[in-house]
Each structure stands twice: as structure tokens, then as C-alpha cells.
């Protein structure tokens with residue numbers, strides 16, 4: 001691996017020769033020498049220096065972009081060569097949207113650790129758009145998302161079907177056996193997820209399909225907060241049945257009978273499909289398909 005690129009990348013990120021030297025356990029003059037050598041080789045200055053900071057110039061930004069790709073490819077090469085002789089191991093960066101990450105992923109990770117203890121999972125949970133963006137920028141290795149997210153760089157494969165219901169507090173004046181009209185739903189306060197959420201997109205489609213315009217909408221950033229709001233009688237919401245099974249058992253919320261529900265949506269695996277994938281990613285993907 002080209003040590004010049006390693007040093008350059010660290011300087012670009014840390015914006016300091018001294019902090020780079022400390023991080024790489026090198027002397028500051030050695031860091032300066034590596035940068036000077038790289039600039040000489042390329043025939044152009046890469047950094048703008050002052051007493052207080054180091055910044056990438058236009059050429060530096062180009063080199064930084066490619067250095068990330070080169071170093072990532074080198075790391076991937078090492079992993080794939082190691083995979084030929086060893087059991088699945090190493091760090092696996094997993095991204096999951098909230099419903100999957102909070103209600104399905106923990107059991108999958110427990111199974112993964114039991115079968116392959118040498119794999120070290122690192123988990124990021126966000127909304128569907130955030131997970132897609134992180135995969136696009138190679139911040140994660142694989143994503144598990146709800147709803148749809150397409151990009152020419154990705155392969156997308158469905159691994160499960162989710163069922164979504166409109167729920168209300170148990171104490172609200174709805175009878176379990178009676179269908180609730182769209183007109184009644186329109187009078188309710190709706191508690192919804194933030195923009196970019198797969199759950200939010202499904203609900204917006206439901207509103208559009210039924211020409212439903214709620215009198216009041218509250219936006220919350222987590223499923224748990226929404227459930228607590230519904231339970232407290234703050235409003236109604238549309239959620240996956242995975243998320244409120246305990247609340248149903250405890251008789252705290254109820255599913256409303258509404259035409260067009262339950263709403264079904266896809267749970268999908270997304271990954272960069274023009275890349276070689278290490279054993280750790282492959283076995284995790286197979287586990288997801290087998291267990292769900």
C-alpha cells in the first residue's frame with residue numbers, strides 16, 4: 001500500500017500535520033516529507049497551508065477522492081485474499097432503517113455472533129434515505145431497508161413482506177369490530193415519521209390514494225415516541241405490526257379496521273453490485289434470507 005496516500009488522506013481529514021503525525025505515530029517532519037514527495041511526484045501543490053490550518057485545494061480534492069477509492073480497494077483486496085483461507089471474519093458495517101434495525105436486526109446479530117464469532121458487526125440505524133446515502137458513499141457495506149430505494153449502483157433484493165396497520169389508543173372511542181371511515185380518520189390528529197422515512201412514504205401514499213387531508217399532523221423522529229404518543233391518546237398512526245406487538249398484548253393500543261389495510265410493503269437488502277463482497281457480508285446476507 002502506498003504510504004504517501006495514507007499520510008495524505010489523514011492530513012486531508014485532520015487538517016493538521018501535527019495531528020496526523022500523532023495519529024500515525026510519526027514525526028511531523030516525516031509527515032511533511034511524505035506530502036512534499038507526493039506533490040513532487042504529481043507536479044502540483046495539493047494543500048494550502050497557513051499557521052492555523054491545512055486545506056485541500058482543487059487538485060488536492062481530486063487526489064483525496066481517488067485516494068479514498070484506492071485505499072478502500074486495497075483493504076477490500078486484503079479481506080478477499082484472507083477469505084480464501086480463513087473463516088468469515090472482520091468488521092462488517094451494516095445499515096438498517098428504523099423498523100428493521102430496532103425490531104429484526106438484534107435477533108439476526110445474535111445468530112450471526114453465535115455462528116461466526118470472528119465477524120465484528122458495526123450497526124448504523126437511520127431512515128431509508130439515510131441508509132441509501134451511506135451505502136452510496138461506502139460508509140456501510142450492506143443496507144436493510146423498508147420501502148423502495150433505487151440507484152443504478154445498487155442491487156436490491158426483497159427478503160420479507162411487512163404488514164402495516166393504523167393504530168389508536170385502546171381508550172379511544174373505536175369498536176374493534178367496526179370499520180372506521182376515511183372521514184373519521186380525517187378528523188384525527190396523525191403522528192407521523194420524518195421526511196425520508198420508509199414509513200412516512202407509505203403513509204403519504206395512503207393519504208394520496210384516499211384523498212385524506214388530516215386536520216392536524218405531528219412529526220416525531222422515532223417509532224418508540226410515536227407509539228408512546230398513540231398510547232397516551234395524542235393521535236393515531238400507521239406502523240408496522242412488528243413494532244407494536246407488545247402494546248397489543250398489553251391492551252394499550254388497538255388496530256383499526258380500515259378499508260385498504262393492512263398495507264403491505266417490502267423489506268429489502270441493498271448493496272453495491274459492482275463490487276466483490278467478503279465472506280462476512282455473504283454469510284450475513286444468507287442469514288437474513290434464511291431467518292426472516
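Residue numbers (the UniProt record's numbering): 1 to 292. Note that the Cβ used here is the ideal one computed from N, Cα and C, for glycine as well.
What are the boundary residues of the beta strand (DSSP E) that includes residue i?
i: residue 161; result: 154 to 169
i: residue 14; result: From DSSP, residue 14 is part of no beta strand (DSSP E) but of the alpha helix (DSSP H) over 3 to 14.
i: residue 265; result: 263 to 272
i: residue 193; result: That residue, residue 193, is in no beta strand (DSSP E); it is neither H nor E in DSSP.
Any idea what DSSP makes of residue i, helix, strand or coil?
i: residue 69; result: helix
i: residue 229; result: helix
i: residue 199; result: helix
i: residue 255; result: strand
i: residue 146; result: strand
i: residue 293; result: Residue 293 cannot be examined here, being either before or after the span of the chain that is shown, 1 to 292.
i: residue 126; result: strand
i: residue 204; result: helix
i: residue 234; result: coil
i: residue 55; result: strand
i: residue 218; result: strand
i: residue 178; result: coil
i: residue 139; result: coil
i: residue 61; result: helix
i: residue 89; result: coil
i: residue 260; result: coil
i: residue 187; result: coil
Residue i and residue j look like a contact to me (Cβ under 8 Å); what is the Cβ gap, rounded to whole Å?
i: residue 122; j: residue 91; result: 6 Å
i: residue 281; j: residue 142; result: 6 Å
i: residue 54; j: residue 16; result: 6 Å
i: residue 284; j: residue 112; result: 6 Å
i: residue 108; j: residue 242; result: Contact doesn't hold; Cβ gap of about 13 Å is too wide.
i: residue 239; j: residue 164; result: 6 Å
i: residue 131; j: residue 95; result: 4 Å
i: residue 153; j: residue 136; result: 6 Å
i: residue 7; j: residue 24; result: 7 Å
Residue j and residue i - do their beta-carbons sit closer together than 7 Å?
i: residue 235; j: residue 191; result: yes
i: residue 293; j: residue 67; result: The shown model of the chain, from 1 to 292, leaves out residue 293, and the question about it has no answer.
i: residue 256; j: residue 180; result: yes
i: residue 150; j: residue 128; result: no
i: residue 157; j: residue 269; result: yes
i: residue 63; j: residue 47; result: no
i: residue 189; j: residue 216; result: yes
i: residue 252; j: residue 231; result: yes
i: residue 31; j: residue 21; result: yes
i: residue 155; j: residue 271; result: yes
i: residue 212; j: residue 186; result: yes
i: residue 159; j: residue 289; result: yes
i: residue 198; j: residue 126; result: no
i: residue 168; j: residue 254; result: yes
Hey, quick one: how far does the alpha helix (DSSP H) through residue i stretch, first residue to last?
i: residue 248; result: 245 to 249
i: residue 47; result: Counting along the chain, residue 47 falls outside any alpha helix (DSSP H), though it belongs to the beta strand (DSSP E) covering 47 to 49.
i: residue 285; result: 279 to 291
i: residue 29; result: 28 to 42
i: residue 18; result: 17 to 24
### Message
Could you tell me which whole alpha helix (DSSP H) segments of length 4 or greater appear in the region 91 to 120?
### Response
98 to 103, 105 to 115
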